[in-house]
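Under this note's numbering, the residues of the sequence shown are numbered 56 to 338, in order. Structure first, commentary second.
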Amino acid sequence: MRVLLTGGTGMLGRALREIWSSQHEVIAPPHAELDLTRPPQIFEAVRQLHPQLILHAAAIADVDRCESDPDLAFRVNTVGTACLAAAAHEIGATLIFISTDYVFDGTKGTPYTEFDTPNPINIYGRSKWMAEEAVRTLCPRHFIVRTAWLFAPWGRHFVTQTVERIQRGEPVGGIAQTSSPTSVLDLARGLLCLLEYPAYGVYHMVNHGAVSRYEMARVILSMLGRSPEEAVRLSAVSGRRAPRPDRTPLRNYVLELQGRDPMRPWTEALAECLERMGLSIVL
Ligand SMILES: NC(=O)c1ccc[n+]([C@@H]2O[C@H](COP(=O)([O-])OP(=O)(O)OC[C@H]3O[C@@H](n4cnc5c(N)ncnc54)[C@H](OP(=O)(O)O)[C@@H]3O)[C@@H](O)[C@H]2O)c1
Numbered sequence: 056m057r058v059l060l061t062g063g064t065g066m067l068g069r070a071l072r073e074i075w076s077s078q079h080e081v082i083a084p085p086h087a088e089l090d091l092t093r094p095p096q097i098f099e100a101v102r103q104l105h106p107q108l109i110l111h112a113a114a115i116a117d118v119d120r121c122e123s124d125p126d127l128a129f130r131v132n133t134v135g136t137a138c139l140a141a142a143a144h145e146i147g148a149t150l151i152f153i154s155t156d157y158v159f160d161g162t163k164g165t166p167y168t169e170f171d172t173p174n175p176i177n178i179y180g181r182s183k184w185m186a187e188e189a190v191r192t193l194c195p196r197h198f199i200v201r202t203a204w205l206f207a208p209w210g211r212h213f214v215t216q217t218v219e220r221i222q223r224g225e226p227v228g229g230i231a232q233t234s235s236p237t238s239v240l241d242l243a244r245g246l247l248c249l250l251e252y253p254a255y256g257v258y259h260m261v262n263h264g265a266v267s268r269y270e271m272a273r274v275i276l277s278m279l280g281r282s283p284e285e286a287v288r289l290s291a292v293s294g295r296r297a298p299r300p301d302r303t304p305l306r307n308y309v310l311e312l313q314g315r316d317p318m319r320p321w322t323e324a325l326a327e328c329l330e331r332m333g334l335s336i337v338l
């Protein structure tokens, strides 16, 4: 299948290129050639490349940057996505749109399913929720896939930052904020199952388990052969502009109901990630 990938240079995009290219023809134009802030360029690229599927992973995913520059967040995440959805519909392509647990406000107490109502509390979450609405309206052949707390053997995120701190001998820790850490490798593999049949709609796709940043730091320490007691329980992270929802673990409920949840526990995925970073794991 001919697949147009946006965000191919990003943390998730790199995994999608690696995994999807073995089964599909993946075309991943760089940001400069398919810029989500330039609607005519979006329509031109989609018409010219004429993919059967658009895998839309590009976004301003920096939550604090979205809060300080809402125009950019809505321009890229919402308006850009709306144009891509309209362009996909125009050529009859299916759209897979990557969304986020941050569409929820974090007050539910138990894992969110696809049947819960979003109520974002920051600009990033709002820009993605509005983008979901645009996708629903403009491109009937869509899969909206919400995921959370991505980690990868590459890039800058909680796992790589925590490992770097451990290697530098600095204290590590985390706050009580809780969600569902998810490997981009597992997500990229899991997304392939959506192509089995056209049951369009909203899906949650995360590794199994709900954990706080603090507990995650403890697990990383243990896997690297250190004492989990070294982890420090933090009450806040300095320099954060955007409010975060307290508890947004997701449940892959629709995939469960369809009998095909492809995801595994986040700790197994983390072990694979650390090994791919060249680290020795103690299990
Ligand atoms: N990271 C997470 O924990 C997380 C959690 C839930 C959902 N998500 C969602 O998952 C997806 C992937 O996230 P990620 O962490 O992989 O993001 P990322 O590493 O920040 O990558 C973002 C990608 O978007 C591209 N991009 C940014 N602005 C663009 C524009 N105006 N036009 C075209 N491309 C543009 C970037 O290209 P350049 O680098 O060249 O600018 C980059 O390839 C996003 O939709 C995000 O909302 C992420």
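Note that beta-carbon positions come from the ideal geometry of N, C-alpha and C, so glycine has one too. Note that this is a predicted model, so its numbers are computed, not measured.
Does the CB of residue i have a neighbour CB from chain C at under 8 Å?
i    : result
H111 : Here chain C cannot be found, since the structure has a single protein chain.
Please report the distance separating the alpha-carbon of residue i from that of residue j.
i    : j    : result
P173 : D119 : 20 Å
A141 : L71  : 23 Å
V266 : T217 : 15 Å
K163 : R268 : 19 Å
I176 : N132 : 16 Å
A143 : C194 : 7 Å
K183 : V158 : 7 Å
Q78  : E285 : 43 Å
A114 : S282 : 37 Å
A254 : A116 : 27 Å
A207 : I82  : 22 Å
Does at least one heavy atom of ligand 1 sit under 7 Å from the Cβ of residue i?
i    : result
G68  : yes
T92  : yes
H86  : yes
I178 : no
W209 : no
A243 : no
K163 : no
G65  : yes
I115 : yes
A128 : no
L205 : yes
With C-beta atoms as the reference, is residue i less than 8 Å away from residue j?
i    : j    : result
S234 : T303 : yes
L67  : I109 : no
L342 : M278 : It is not possible to answer for residue 342, since the shown part of the chain is limited to 56 through 338.
F170 : C138 : no
G161 : D316 : no
V337 : G280 : yes
A100 : G62  : no
R69  : P106 : no
P95  : T64  : no
R331 : Y167 : no
- Within the segment 170 to 210, note down every full beta strand (DSSP E) run reaching 3 residues or more, in order along the chain. 197 to 202
- Query: Using 8 Å as the threshold, is the segment 278 to 293 in touch with the segment 219 to 229, meaning 3 or more CB pairs across them?
  - Reply: yes
- Item | Inter-stretch contact at 8 Å, needing at least 3 Cβ pairs: the segment 122 to 134 / the segment 146 to 161 | no
- Item | the segment 200 to 213 contacting the segment 248 to 264, beta-carbon criterion three pairs below 8 Å | yes
- Query: When the Cβ atoms of the segment 309 to 323 are set against those of the segment 177 to 189, are three or more pairs found closer than 8 Å?
  - Reply: no
- Query: Unbroken beta strand (DSSP E) runs of length 3 or more, entirely within the segment 97 to 143: which are they?
  - Reply: 108 to 111
- Message: To test your reading of the DSSP string, which unbroken alpha helix (DSSP H) runs of 4 or more residues are found completely within the segment 213 to 287?
- Response: 213 to 222, 239 to 246, 268 to 278
- Item | Sequence ranges, beta strand (DSSP E) only - wholly within the segment 59 to 100, length at least 3 | 80 to 82
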